[in-house]
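Numbering (the working numbering), first residue to last: -9 to 256.
Just so it is clear, CB atoms sit at the ideal spot from N, CA and C, and this is done for glycine as well.
Reviewing the structure listed below.
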């Protein structure tokens, strides 16, 4: 509910953490609306926000990403209406736009007045946006799982298994056209897990083929070499600047050092 979202934000001392927590509550609200609509019969939750919600990744995320794994009775316009109906019922003022006839469908929700009411903006015209993206042609080979969590709401989420989420992250690192420090932070998180997990190479190589990867297929023996070569080319200040405001513990930024990451890859 809107008032609960505002109260959550107001009880946090620092401004950007407040905005992150406010956005996270809205993400949970949207996921709850999707769950109520039956969306997780078709869609698997993926990406950084999935890591945050399902595996306690200690950084905040922005968008909600999904993979269409079951096309039977899938209806994106109907899902949009369900999300809008839930948000209206919860008391939010917002505008929404959608791109339906695309391989990657999207819906962008812009919440009005919310930042001002939470004490995070001086003017009411400043909006907080959340984008929902659904890949209708995902690479084959992902392993999926189903998990019940409590994140403001009880959520029963169908999602990619952590090994397939890892392969999605490696694919993003090697093919994204811009530097995203959040990808590097997530890589460090994967590499330092107590219960070691490797990427799903079937899923990873299928994704690389889709995006016209010109190098040899990735294997357990060579994938770290490709990542290390990529890291050497990065402008590291851009890496740090991208992730700084999303860290749950701001001091983690001191560990985000190229040499630290390279050591983890050895």
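For residue 79, write down the residues that DSSP places opposite it in a beta bridge.
-> Answer is none; residue 79 lacks a bridge partner.
Unbroken alpha helix (DSSP H) run spanning residue -4, endpoints = Run containing residue -4: -8 to 0, per the alpha helix (DSSP H) assignment.
Is the stretch 60 to 70 in contact with the stretch 22 to 33, if contact means three or more CB pairs nearer than 8 Å?
-> They touch, by the three-pair rule.
Nearest neighbour of residue 87, chosen from 102, 77, 70 [CA to CA] = Ranking 102, 77, 70 by Cα distance to residue 87 puts 70 first.
Considering only residues of the stretch 134 to 165, which uninterrupted alpha helix (DSSP H) runs meet the minimum length of 4 residues and lie entirely inside it, listed in chain order?
-> Runs found: 152 to 165.
When you compare each of 22, -6, 37 to residue 152 by their alpha carbons, which one comes out closest?
-> Nearest to residue 152 by C-alpha distance, out of 22, -6, 37, is 37.
Beta-carbon separation of residue 44 and residue 176 under 8 Å?
-> Residue 176 sits away from residue 44, with the two beta carbons spaced by 8 Å or more.
Backbone CA spacing between residue 67 and residue 219 [nearest angstrom] = Going by the C-alpha atoms only, they are around 42 Å apart.
Which word fits residue 193, buried or exposed, when buried means at least 16 other C-beta atoms lie within 10 angstroms of its C-beta?
-> Around the CB of residue 193, 16 or more other CB atoms lie within 10 Å, so the residue is classed as buried.
Spell out a yes or no on whether the stretch 143 to 163 and the stretch 206 to 226 are touching, meaning 3 or more CB-CB pairs, one atom from each, closer than 8 Å.
-> Short answer: they touch.
Beta-carbon proximity list for residue 174, same chain, < 6 Å, skipping 5 on both sides = Closer than 6 Å at the Cβ level, and outside the excluded window around residue 174, lie 229.
Are residue 55 and residue 123 closer than 8 Å when you measure CB to CB?
-> Yes, these two residues count as a Cβ contact at 8 Å.
Spatial neighbours of residue 129 in its chain, beta-carbon cut-off 7 Å, leaving aside the 5 residues before and after | If you ignore the 5 residues before and after residue 129, its C-beta comes within less than 7 Å of the C-beta of 193, 196, 197, 200, all in its own chain and listed in chain order.
Using a threshold of 8 Å, state whether the C-beta atoms of residue 125 and residue 154 are closer than that.
-> It is not a contact, given that the beta carbons lie outside the stated cut-off.
Which residues in the same chain as residue -4 place their Cβ atom closer than 6 Å to its Cβ, once the five residues preceding and following it in sequence are excluded?
-> If we look at residue -4 and ignore the five residues flanking it on each side, its Cβ neighbours are 107, 108.
Residues near residue -9 by beta carbon distance below 7 Å, same chain, minus five either side | Contacts found: 80, 81.
Could you check how far apart the C-beta atoms of residue 47 and residue 179 are, in whole angstroms? I think they sit under 8 Å.
-> At roughly 6 Å, the Cβ-Cβ gap stays under 8 Å, so residue 47 and residue 179 are in contact.
Taking the beta strand (DSSP E) that residue 55 falls in, what are its first and last residues?
-> According to the DSSP assignment, residue 55 belongs to the beta strand (DSSP E) that extends over 54 to 58.
Residues that DSSP places opposite residue 97 in a beta bridge = Under DSSP, residue 97 shares a beta bridge with 88, 122.
Could you tell me if residue 189 is buried or exposed, where buried requires 16 or more neighbouring beta carbons within 10 angstroms of its beta carbon?
-> Looking at its Cβ environment, which holds 16 or more other Cβ atoms inside 10 Å, residue 189 is buried.
What is the residue span of the beta strand (DSSP E) that residue 34 lies within?
-> First-last of the beta strand (DSSP E) with residue 34: 33 to 36.
If you drop the 5 nearest sequence neighbours on each side, which residues of the same chain put their C-beta closer than 8 Å to that of residue 27?
-> Hits under 8 Å: 68, 69, 72, 73.
Near residue 90, which residues of its chain fall below 7 Å by C-beta distance, leaving aside the five closest residues on each side in sequence?
-> Cβ neighbours of residue 90 beyond the five flanking positions: 66, 67.
DSSP-derived helix/strand/coil call for residue 21 = Residue 21: helix per DSSP, three-state reduction.
Can you tell me which of the three DSSP states residue 49 falls into?
-> Looking at residue 49 - three-state DSSP - the assignment turns out to be strand.
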